[in-house]
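Visitor: Throughout the sequence shown, residue numbering follows mature numbering (1 follows the signal peptide of the UniProt record, and there is no 0), covering -23 to -1, 1 to 359 in sequence.
Glycine is no exception: its CB is placed at the ideal position from the N, C-alpha and C atoms.
The structure displayed is predicted, hence computed values, not measured ones.
Sharing a structure with you now.
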Amino acid sequence: MRFSLAPTLVIAALAATGTIALAQTNGGNAPSTPGAKTTSAGKEPRSPDGKRYLSQPLVTSIYTADPSAHVFGGKIYVYPSHDIDVKIPDDDLGNQYAMRDYRVLSMDRIGGPVKVNGVALDVKDVPWASQQMWAPDAAYKNGTYYLYFPARDKQLDKNGLGTFRIGVATSKSPVGPFKADPKPIAGSFSMDPAVFTDANGASYMYFGGIWGGQLQRWKDGKFDANGSDTDLGKDDQPALSGKIAKLNPDMKSFAETPRDVQILDEAGKPVLGGDHERRFFEASWVFTRGGKYYYTYSTGDTHFLNYATGDNPYGPFTYKGHILKPVQGWTSHHSIVEWNKKWWLFYADTQMSNKNHLRNVKVTELKFAPDGSIPTIDPFVN
């Protein structure tokens, strides 16, 4: 399928709900939408089981997922994965997620036109990488934009697949093109990098993911090429933790050995591996609000976005609840950003395709209770 290189969408805000609805003025070729059904001409799309969606895709000319949103210079930039259509069955290794480049979305405001920019980085231009450009993130410092990305290297494991490493690329423009460093970040592994810069200017990378993200193969600090394809299989033991490492001032290297990001239950004990509704799976994202550090993440196979809070970037973080109930599709991967005195949750589902590997990015307002807790969002509307 061919895609337009410069599509524009007009997103009309629904003032009553704080969500968005789609009004398309797209001159490109939009993907077909077998996963959504329309009741009649002009009516809103529905899920395969007839539910109304809380929000509509930001763009329809390409498939996008894993949105990392940032505000640079007052403008909103979203760094998503770029899903492509491949004839690979779903599996626990994530082979169906065969993405090979990045395209940055940009908008002057939430509710305004959304632009899909040109190719920011392609796997063929990363010397150490073999395939699968999964969920990225970005940061800005001293006139340079940094794109952080996971990809498989060229050393094959028991499944004939490379080991996930995390790379960095730079540009003078937030939309690229970005030039990748010749080697991955030393000491990096697994996937889903998310860079958080604290009020004092220190930056930290959170990363890691189990199953296809291979975090379970690093339990002893060294990669086990013949290790488990899912998790450790120890449901009564503390769950695997995502990782954190402080970045050096160059924003391209770790200042320390990565540490565990521990999630505790209400009794102060580590969440266990068998607690699939609360344990970490992938998609770390951190922000601060009201003096609290919010560590947010996906539970993977139970399809929740969760949050936990702590008093410093390293944690430990105490589990608090679900941010988002399961969407249509398998994965939930998100970001949370403050813009125009409101907070926004960027996420993805499979509305356009009803296929797990062909997703579309969405956004909705995130609310906070007076005590700082987050009311759970339902991605469908009654």
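Would you list the residues sitting across from T276 in a DSSP beta bridge?
Guide: T276 is not bridged to any residue.
Visitor: In this structure, how does DSSP classify R194 when only helix, strand and coil are distinguished?
Guide: In the structure shown, R194 sits in a helix (DSSP, three-state: H, G or I).
Visitor: Would you list the residues sitting across from M182 in a DSSP beta bridge?
Guide: DSSP lists V172, A222 as partners of M182.
Visitor: Cα separation between L343 and K135?
Guide: In a straight line, the C-alpha of L343 is about 42 Å away from that of K135.
Visitor: Using CA atoms only, rank isn't needed, just tell me which of G210, D355, D130, D278 is closest to D68.
Guide: It is D278 whose Cα lies nearest to the Cα of D68.
Visitor: Closer than 6 Å by C-beta to G71: which residues in its own chain qualify, once you throw out the five before and the five after it? Chain order, please.
Guide: Excluding positions up to five away in sequence, the list reads G189.
Visitor: Measure the C-alpha to C-alpha separation of D348 and K297 and round it to an integer number of angstroms.
Guide: Answer to the nearest angstrom: the Cα atoms are 12 Å apart.
Visitor: Could you please give the first and the last residue of the uninterrupted beta strand (DSSP E) stretch that includes P127?
Guide: Element bounds for P127: 121 to 133.
Visitor: So the candidates are K131, K269, N225, E243; which of them puts its Cα closest to the Cα of P235?
Guide: Nearest option by C-alpha distance: N225.
Visitor: Alpha carbon to alpha carbon, how far is M110 from A244? Give it in angstroms, no decimals.
Guide: About 39 Å.
Visitor: Check whether the region 85 to 102 and the region 161 to 168 are in contact - that is, three or more C-beta pairs closer than 8 Å.
Guide: With a cut-off of 8 Å, the region 161 to 168 and the region 85 to 102 do not count as touching, because too few Cβ pairs lie within range.
Visitor: Quick check on DSSP: helix, strand or coil for I351?
Guide: I351 falls in the coil class under three-state DSSP.
Visitor: Quick one: using the 10 Å Cβ neighbour count with 16 as the cut-off for buried, is E259 buried or exposed?
Guide: E259 should be labelled buried.
Visitor: Can you say whether T121 is buried or exposed, counting buried as having 16 or more other CB atoms within 10 angstroms of its CB?
Guide: By the 10 Å Cβ count, T121 comes out exposed.
Visitor: Inspect the beta-carbon positions of V55 and F323 and report whether they are closer than 9 Å.
Guide: Their beta carbons are under 9 Å apart, which means V55 touches F323 by this criterion.
Visitor: Taking 8 Å as the limit between beta carbons, can you name the residues of its chain near K269, skipping five residues before and five after?
Guide: The answer, listed in chain order, is T286, G287, D288, G349.
Visitor: Below 9 Å between beta carbons: does that hold for R129 and S107?
Guide: Cβ distance < 9 Å, so R129 and S107 count as in contact.
Visitor: Assign Q328 to buried or exposed, taking buried as 16 or more other Cβ atoms, counted over all protein chains shown, within 10 Å of its Cβ.
Guide: The residue in question, Q328, is buried, as its Cβ has 16 or more Cβ neighbours within 10 Å.
Visitor: Taking buried to mean at least 16 other C-beta atoms within 10 Å of its own C-beta, is D326 buried or exposed?
Guide: Buried is the call here.
Visitor: Does DSSP put G292 in a helix, in a strand, or in coil?
Guide: The answer is coil: DSSP assigns G292 none of H, G, I, E or B.
Visitor: Within the 9 Å Cβ cut-off, does G120 reach chain B?
Guide: Note that chain B does not occur in the displayed structure, where there is just one protein chain.
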